[in-house]
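Colleague: So that we are looking at the same thing, I have put the structure below in structure tokens.
Number of protein chains: 2
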Amino acid sequence: MEIHNKEIKAIQGYYPEELSHCYGCGKLNEHGHQIKSYWDGDETVAHFIPKPYHIAIPGYVYGGLIASIIDCHGTGTAALASYKADGREPGTLPPFRFVTASLQVDYLKPTPLGVELELRGKVIEIKGRKVLSEITVSANEDICVRGKVLAVQMPENLIKKNISDK
Amino acid sequence: MEIHNKEIKAIQGYYPEELSHCYGCGKLNEHGHQIKSYWDGDETVAHFIPKPYHIAIPGYVYGGLIASIIDCHGTGTAALASYKADGREPGTLPPFRFVTASLQVDYLKPTPLGVELELRGKVIEIKGRKVLSEITVSANEDICVRGKVLAVQMPENLIKKNISDK
């Protein structure tokens, strides 16, 4: 599958190094989840295997972890969609880097622990500096959780501060 | 302050052992956040100091972590409120143990990293097996994030399964 092709870099691989420390998706955060988001047709996709200790009650995944990976796949989806809408390849300048303005998560059923989770994202709307996306989380091809992420382009002063701090 | 009095046990200290493995708030999860929720007057309160690696961008806390601790303080608030509504002390049987049905998080401003965060919960509604609460997250007494947690009492079959698995 395209998404497992290591030649294709995830959007997080294109984030500027100064903005790649995120616990959820930063490639430079060795303690973090390092979520990686790709295009798969018109949707975005990411995969994640929770650790045994990412537990809610025995047998099921902790909902806070699921909210976290939805959050990061949502900001990744926003960046992917913005490059596409701008007609640019990821990695071209200026970089698109989003933060979350709001997050809605509906837990439809318990998510089983011990299997790979698939996150799929659909872009609902791009409006100015904001991107709204819908993210599903599936286990064994069964949707367990639905989320919505309203992502907003990171304020310029935060980007500049971090780059000048380097 | 009452909330720092070690004589008073957090609601999570009363969860049955079989249901105390949660990554966010289980006292038996050594990898987890071990959130502890208490009454403070008519509100509930919890405190948490993010680790340096719980970072979004340098200087600020990762939003997914904030969603996680809101989630657990929301289920803790639901349990506290249910014992109170039932006129029972925490620890009396049967236990109240909630899971999250839905979570809404609004990030009002970046949350600074390196300071203790305070979560405060208000019960909005108790209706049957569901409890809706509103949770704020403050840093330096400044509200950075607002959340709403719809918690629902854990289905009996999940509780029984876990207790019989012991």
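Chains A and B, in that order, are what the protein sequence lines are. In case it helps, numbering that gives the first Met the number 0 puts the first sequence at residues 0 to 165. In case it helps, numbering that gives the first Met the number 0 puts the second sequence at residues 0 to 165. For every residue, glycine included, the Cβ atom is placed at its ideal position computed from N, Cα and C.
I'd like to know if B/P57 contacts chain A, where contact means its C-beta is closer than 8 Å to some C-beta of that chain.
Modeller: Position 58 of the second sequence, counted from the first residue, corresponds to residue 57 of chain B. Yes, B/P57 lies at the interface with chain A (some Cβ there is under 8 Å from its Cβ).
Colleague: Distance check for B/Q152 and A/A66, CA to CA, integer angstroms please.
Modeller: Translated into positions along the first sequence, residue 66 of chain A becomes position 67. Translated into positions along the second sequence, residue 152 of chain B becomes position 153. Straight-line Cα distance between these residues: approximately 20 Å.
Colleague: Looking only at C-alpha atoms, which of A/K35, A/K26 and A/D39 sits nearest to A/F47?
Modeller: Counted from its first residue, the first sequence places residue 47 of chain A at position 48. Nearest of A/K35, A/K26 and A/D39 to A/F47, Cα basis: A/K35.
Colleague: Between B/I56, B/G12, B/L18 and B/Y14, which has its C-alpha nearest B/L112's C-alpha?
Modeller: Counting from 1 along the second sequence, the entry for residue 112 of chain B is found at position 113. With distances taken between Cα atoms, B/L112 lies closest to B/I56.
Colleague: Just checking B/S36 against the ligand NAP - is the residue's beta carbon closer than 7 Å to any of the ligand's heavy atoms?
Modeller: What this structure holds is no ligand at all, so the ligand NAP is not there to describe.
Colleague: Would you mind telling me which residues of chain A sit closer than 7 Å to B/T99, beta carbon to beta carbon, in chain order?
Modeller: The residue given as residue 99 of chain B occupies position 100 in the second sequence. Those are G62 and Y106, listed as they occur along chain A.
Colleague: Does DSSP put B/A91 in a helix, in a strand, or in coil?
Modeller: Along the second sequence, one-based indexing puts residue 91 of chain B at 92. Note that residue 91 of chain B corresponds to Thr in the displayed sequence, not to Ala. Correct three-state label for B/T91: coil.
Colleague: Check whether the region 85 to 103 of chain B touches the region 137 to 151 of chain B, taking contact to mean three or more Cβ pairs, one atom from each stretch, closer than 8 Å.
Modeller: Touching, per the Cβ criterion.
Colleague: Taking all protein chains shown into account, decide if B/G127 is buried (16 or more other Cβ within 10 angstroms of its Cβ) or exposed.
Modeller: Stepping through the second sequence from its first residue, residue 127 of chain B is reached at position 128. Its Cβ having fewer than 16 others within 10 Å, B/G127 is exposed.
Colleague: Can you list, in chain order, the residues of its chain whose CB lies under 7 Å from that of A/N156, leaving out five sequence neighbours each side?
Modeller: For this step, residue 156 of chain A is matched to residue 157 along the first sequence. Closer than 7 Å at the Cβ level, and outside the excluded window around A/N156, lies no residue.
Colleague: Hey, is A/S132's beta-carbon within less than 8 Å of any beta-carbon in chain B?
Modeller: Here residue 132 of chain A corresponds to residue number 133 of the first sequence, with the count starting at 1. With 8 Å as the cut-off, A/S132 does not count as an interface residue toward chain B.
Colleague: With B/H46 as the anchor, note down where its beta strand (DSSP E) starts and where it stops.
Modeller: To locate residue 46 of chain B, count along the second sequence from 1; it is residue 47. Run containing B/H46: E42 to F47, per the beta strand (DSSP E) assignment.
Colleague: Does any C-beta atom of chain B lie closer than 8 Å to the C-beta of A/L118?
Modeller: In the first sequence, counting from the first residue as 1, residue 118 of chain A sits at position 119. Answer no: the Cβ-Cβ gap between A/L118 and chain B never drops below 8 Å.
Colleague: The region 66 to 92 of chain B: which residues have C-beta closer than 7 Å to a C-beta of chain A, in chain order?
Modeller: Residues A66, S67, D70 and C71.
Colleague: Which residues of the region 14 to 30 of chain A have a Cβ closer than 7 Å to any Cβ of chain B? Give them in chain order.
Modeller: Result list: L18, H20, C21, Y22, G23, N28 and H30.
Colleague: Which of helix, strand or coil does DSSP assign to B/V148?
Modeller: To locate residue 148 of chain B, count along the second sequence from 1; it is residue 149. B/V148: strand per DSSP, three-state reduction.
Colleague: Taking all protein chains shown into account, decide if B/G90 is buried (16 or more other Cβ within 10 angstroms of its Cβ) or exposed.
Modeller: Locating residue 90 of chain B in the second sequence gives position 91, where the first residue counts as 1. Flag for B/G90 reads exposed.
Colleague: By a C-beta neighbour count over all protein chains shown, 10 Å radius and 16 as the cutoff for buried, is A/G40 buried or exposed?
Modeller: Counting from 1 along the first sequence, the entry for residue 40 of chain A is found at position 41. By the neighbour-count rule (16 or more Cβ atoms within 10 Å), A/G40 is not buried but exposed.
Colleague: Among B/H32, B/N139, B/E124 and B/E88, which residue has its Cα nearest to the Cα of B/I7?
Modeller: Numbered from 1 along the second sequence, position 8 holds the residue referred to as residue 7 of chain B. Measuring from the Cα of B/I7, the nearest candidate turns out to be B/E88.
Colleague: Where does B/A138 sit, in a helix, a strand or coil, going by DSSP?
Modeller: For the purposes of this step, residue 138 of chain B is taken as residue 139 along the second sequence, with counting starting at 1. Correct three-state label for B/A138: strand.
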